[in-house]
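Residue numbers (my numbering): 6 to 295.
The beta-carbon is built from N, C-alpha and C at its ideal position, and this holds for glycine as well.
A quick note: this is a predicted structure, and the numbers were derived from the prediction, not measured.
Here the structure is laid out as structure tokens; the discussion comes afterwards.
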């Protein structure tokens, strides 16, 4: 098992303290004027993250949204922080023209995983359900994961549809649950859904500080504590999900280690912090790359 970074494959034990979901470069027509496209700023974020003990960032920006793979490699090399890049596709609203109109998604994902330095697949659900486009992209992701072993990170719109995603990916499409990372569960703090998702064997990512449209920070540690107490500490991941220039100016990638890790240590203990920030990401992003 190895983790595929933009600078090559590494052993899971070399990943270090990991922000399991963030963005160094991203652009979307839904976020005009908020692009993250400055390599110097990205490097500054990683240096600040490294000064806090950070060793790796999983960069969930998928195909066609300004990933800048070469720049990711440059900032990783310059800072010493491992970067995991994503292939995959987001919702159609995040593109000026939908890539699904011109590409075969499964072939694209496999190519970017095997030749394009991506180490995971990013897909997206719809709000409280799975539309036809989400099903098509997830079907392609399942095919690519079967061919390569790559993990699949799932954008859950406002934190919803986790169980629908698991029914499709792990039920109908046969993806092993431990290859699935469910993102944004903090935005819909439903303890019953969280517990069912953890029991499936998938990874649960709590990522991104609250904004006014999903003001759920005050639920975060209750959710983490409940899942740890239920025996699912080994399923938990944390990340920052910095998607705009405004968010970077306010908090940015270092926020995860500056604010969240000390709170995890105080409330759940040092062993829990090691699991959430080091041990679990090392397993979640590892794959039997061919």
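Classification of residue i by the beta-carbon crowding that lies within 10 angstroms, buried from 16 upward
{"i": "residue 268", "result": "exposed"}
{"i": "residue 117", "result": "buried"}
{"i": "residue 251", "result": "exposed"}
{"i": "residue 244", "result": "buried"}
{"i": "residue 18", "result": "exposed"}
{"i": "residue 87", "result": "buried"}
{"i": "residue 132", "result": "exposed"}
{"i": "residue 37", "result": "exposed"}
{"i": "residue 27", "result": "buried"}
{"i": "residue 266", "result": "buried"}
{"i": "residue 139", "result": "buried"}
{"i": "residue 56", "result": "exposed"}
{"i": "residue 253", "result": "buried"}
{"i": "residue 134", "result": "exposed"}
{"i": "residue 264", "result": "exposed"}
Bounding residues of the alpha helix (DSSP H) (the contiguous stretch that carries residue i)
{"i": "residue 275", "result": "275 to 279"}
{"i": "residue 271", "result": "266 to 272"}
{"i": "residue 56", "result": "44 to 56"}
{"i": "residue 151", "result": "137 to 153"}
{"i": "residue 222", "result": "222 to 234"}
7 Å Cβ shell around residue i - same chain, five flanking residues per side excluded
{"i": "residue 58", "result": "22 and 262"}
{"i": "residue 231", "result": "196"}
{"i": "residue 16", "result": "7"}
Top-ranked residue by Cα proximity to residue i, from the options
{"i": "residue 197", "options": "157, 227 and 178", "result": "227"}
{"i": "residue 43", "options": "31, 53 and 54", "result": "31"}
{"i": "residue 68", "options": "242, 108 and 253", "result": "108"}
{"i": "residue 141", "options": "95, 193, 213 and 41", "result": "95"}
{"i": "residue 164", "options": "283, 144 and 129", "result": "129"}
{"i": "residue 239", "options": "40, 289, 122 and 62", "result": "289"}
{"i": "residue 246", "options": "115, 185 and 190", "result": "190"}
{"i": "residue 145", "options": "153, 172, 112 and 120", "result": "112"}
{"i": "residue 25", "options": "153, 103, 259 and 154", "result": "259"}
{"i": "residue 153", "options": "187, 114, 105 and 170", "result": "114"}
{"i": "residue 161", "options": "204, 212 and 155", "result": "212"}
{"i": "residue 270", "options": "229, 286 and 255", "result": "229"}
{"i": "residue 143", "options": "78, 119, 122 and 105", "result": "105"}
Proximal residues to residue i (C-beta, below 6 Å), its chain only, five neighbours per side dropped
{"i": "residue 7", "result": "14 and 294"}
{"i": "residue 101", "result": "34"}
{"i": "residue 103", "result": "97"}
{"i": "residue 127", "result": "65, 67, 91, 93 and 158"}
Residue i - containing beta strand (DSSP E), residue span
{"i": "residue 157", "result": "157 to 160"}
{"i": "residue 26", "result": "22 to 27"}
{"i": "residue 87", "result": "87 to 93"}
{"i": "residue 203", "result": "Looking at the DSSP string, residue 203 is not in any beta strand (DSSP E); the run it does join, the alpha helix (DSSP H), is 196 to 205."}
{"i": "residue 118", "result": "Where residue 118 is concerned, there is no enclosing beta strand (DSSP E), although the alpha helix (DSSP H) it sits in stretches over 110 to 119."}
{"i": "residue 126", "result": "123 to 129"}
{"i": "residue 61", "result": "59 to 64"}
Close-in-space but distant-in-sequence residues of the same chain around residue i (CB under 8 Å, 5 per side omitted)
{"i": "residue 147", "result": "157, 174, 178, 179 and 180"}
{"i": "residue 249", "result": "36, 39 and 41"}
{"i": "residue 168", "result": "198, 201 and 202"}
{"i": "residue 224", "result": "191 and 194"}
Chain C contact for residue i (CB, 7 Å cutoff)
{"i": "residue 51", "result": "This model lacks chain C altogether; it includes just one protein chain."}
Contact test: residue i Cβ vs the ligand FAD heavy atom, cutoff 6 Å
{"i": "residue 283", "result": "Looking at this structure, you won't find the ligand FAD or any other ligand, since it has none at all."}
Inter-stretch contact (C-beta, 8 Å, three-pair minimum) for the segment 7 to 21 and the segment 60 to 79 = Yes, they touch.
Cβ contact check for the segment 77 to 85 and the segment 271 to 282: 3 or more pairs under 8 Å = Short answer: they don't touch.
Three or more C-beta pairs closer than 8 Å, one from the segment 204 to 213 and one from the segment 39 to 56: is that the case here?
-> No, the segment 204 to 213 does not touch the segment 39 to 56.
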